[in-house]
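So the structure is just underneath, and the comments pick up after that.
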Amino acid sequence: MLCHDFTPYAAKGERHRQPCAYMRTMAAPRCVATGRLLPNYLQEREMTSQAYKQEPDNRDLDHIPGSDGLPYFGRGLDAVFRLKDLADEHYRKWGEVSRIKILDQRGVLVLGADNYQRIYLDRDKNFSAEMGYDANLGQFYKGGLLLRDFEEHKFQRRIMQSAFKTAVMGNYVAEMNPIIEAHLDSWSQHGRIEFGASIKELLLAVGARVFIGVEASGAEAEALNRAFTDINEGLVGQVKKELPFTKFRKGKQGERFLARYFAELIPRRRGSDGTDMLTYMCNEKQEDGRFFDEQDIIAHASFLLFAAHDTTTSVLNHLVMYSAMDPSWQRKMRAEVESLGKDTLEYEDLASLELIDRCFHECLRLHPSVPLMTRRTIRECELGAYTIPPNTMLFLPPMFNHRDPRYWSNPDQFDPDRFLPERAEHKQHSFCYHPFGGGAHKCIGMHFAVMLAKAFMFQFLKRFDYQTPKGFKPRLLWVPLPKPARLPLDISPRH
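If you want this note's numbering, it's the 1-based position in the sequence shown plus 27.
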């Protein structure tokens, strides 16, 4: 399989994609798995297999009922401010498959567990994640693992295989514990904190140590935080050109900063014995003994830190919000923590925190950290009663399936016990609950995310009682990531 963005030429009017770093080092197309030159007939076949990446999005969807919405915006404002209501509206009017326009992208809104099972498992290799995310995440994280398709995705996933082995996960817990403790020490000096900003700073410090192997403090921490903040803002900016003073330009500057930052670190990590994820990735080798390409590692490291940092920020905001507004859940989780009889959480203790695990997953059910997933068709296919043309965008909002009353009792209620073995509502369909995606692209860091959330909640519950101020009413946001717009928290140390 050729690298994802190799093309022999770019015809006039087509989307132009530059050869990736791996291809630039080769005199002729080679097999990624073996490094051997491809015979001519294989070259032709592999080039043809990449042709879908040069095609523009299909917009000819008038045969599918639905709503294009307002000029230019389409249903984009609804997708930002009331995504669940928008999905429910389309389902009531047109069923599980309908036409929709979100800003400048015209595509198909797909709902229903059966449809998601077919798309995520993708046995016919007809649903491209790379092209699904090309116009949004691809603006800043092109080449990240999620933005790779099929055999290339499988090959690139090997870069991370050592970083997520069970044998090294225990080291991550040991490294994150003192960082969490230090930040909670600083929180204890305040009676009220803004939880969103505080947890973001804490998780960035954890990410810098565990993912990159550096201490995120001072100017370095500020620069990393600014880069990620600017990229997030750039993702939702309306102007998609690098014009002065635009969010998009600041986002691109943040992207370039991260590329330079990782490029400086990678040569120093080759052959070293560090236990951070970046070092594991730098030292991972292909089957022929060669290191993976530096540009691929930069792309994966940037996207991995972004994905892990922002998604965990989202779920912890909701977990703390619900347990602050309903102290009964807070007391139950604290009792579970104290039943361990330990001052320090170890990797072997994680499985014992069953209630925290259920609360974590209930928050992801109600507020999936990735509120809108996307794919693009490669060939014509059938979804529902409709023929979907090639190169058609598919919009997949997980929260519809997560709150589908066909599978969930009182679906809008926070009820972690629905994940108990005797109820197991999440097992009524293999795709009624899919916060980490599914199939080949199922999130490689999902176990790390659960581990990080448990490590934080273990210390937070032991050290503080917490509640929201009297009269607090949450205003929930969907973008740039799902979380309360503000989460003021009154905290008091436990003695």
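Quick reminder that beta carbons are idealized off the backbone N, C-alpha and C, glycines included.
Check	Outcome
Helix, strand or coil at residue 408 according to DSSP, with G and I counted as helix	strand
Member of 415, 411, 429 and 398 whose CA lies at the smallest distance from the CA of residue 405	415
Other residues of its chain near residue 515: CB distance less than 8 Å, five sequence neighbours each side excluded	219, 220, 221, 222, 495, 496 and 499
Short Cβ contact (8 Å threshold) for residue 128 with residue 102	yes
C-alpha gap between residue 479 and residue 385, whole angstroms	15 Å
Residue 520 (DSSP reduced to helix, strand or coil)	strand
The segment 136–147 contacting the segment 119–127, beta-carbon criterion three pairs below 8 Å	yes
Helix, strand or coil at residue 316 [DSSP, three-state]	coil
Spatial distance of residue 232 from residue 202 (CA atoms)	11 Å
Residue range of the alpha helix (DSSP H) that includes residue 471	First-last for residue 471: undefined, no H or E at that position.
CA nearest to the CA of residue 111, picked from 96, 393 and 294	393
Residue 308 - containing alpha helix (DSSP H), residue span	304–310
Three-state class that DSSP yields for residue 81 in the structure shown	helix
Contact check, residue 425 vs residue 400, beta carbons under 8 Å	yes
Three-state secondary structure (DSSP) of residue 493	strand
Where residue 127 falls: helix, strand or coil (DSSP)	strand
Identified DSSP bridge partners for residue 421	135 and 402
Test item: CB-CB of residue 155 and residue 520 under 8 Å	no
Residues that DSSP places opposite residue 154 in a beta bridge	404
Through-space distance from residue 208 to residue 153, alpha-carbon basis	47 Å
Length of the line joining the Cα atoms of residue 334 and residue 151	27 Å
Residues near residue 69 by beta carbon distance below 6 Å, same chain, minus five either side	Model confidence at residue 69 stands at a pLDDT of 45, short of 50, so the residue's coordinates are unreliable and nothing is read from them.
Test item: CB-CB of residue 506 and residue 107 under 8 Å	yes
C-alpha gap between residue 488 and residue 229, whole angstroms	16 Å
At least three beta-carbon pairs within less than 8 Å, the segment 273–290 to the segment 351–367	no
Contact the segment 182–198 vs the segment 300–313: 3+ CB pairs below 8 Å	yes
Status (buried if at least 16 other CB within 10 Å, exposed otherwise) for residue 90	exposed
Coil, strand or helix - residue 514 by DSSP	coil
Residue 476 versus residue 463 - alpha carbon distance	10 Å
DSSP state of residue 287 mapped onto helix, strand, coil	helix
Unbroken alpha helix (DSSP H) run spanning residue 199, endpoints	193–214
Residue 165 in three-state terms, based on DSSP	helix
Residue 466 to residue 410 span [Cα, whole Å]	18 Å
Other residues of its chain near residue 131: CB distance less than 7 Å, five sequence neighbours each side excluded	none
Continuous beta strand (DSSP E) stretch holding residue 219: start and end	219–221
Proximity to residue 252 [Cα-Cα], best of 267, 482, 282 and 264	282
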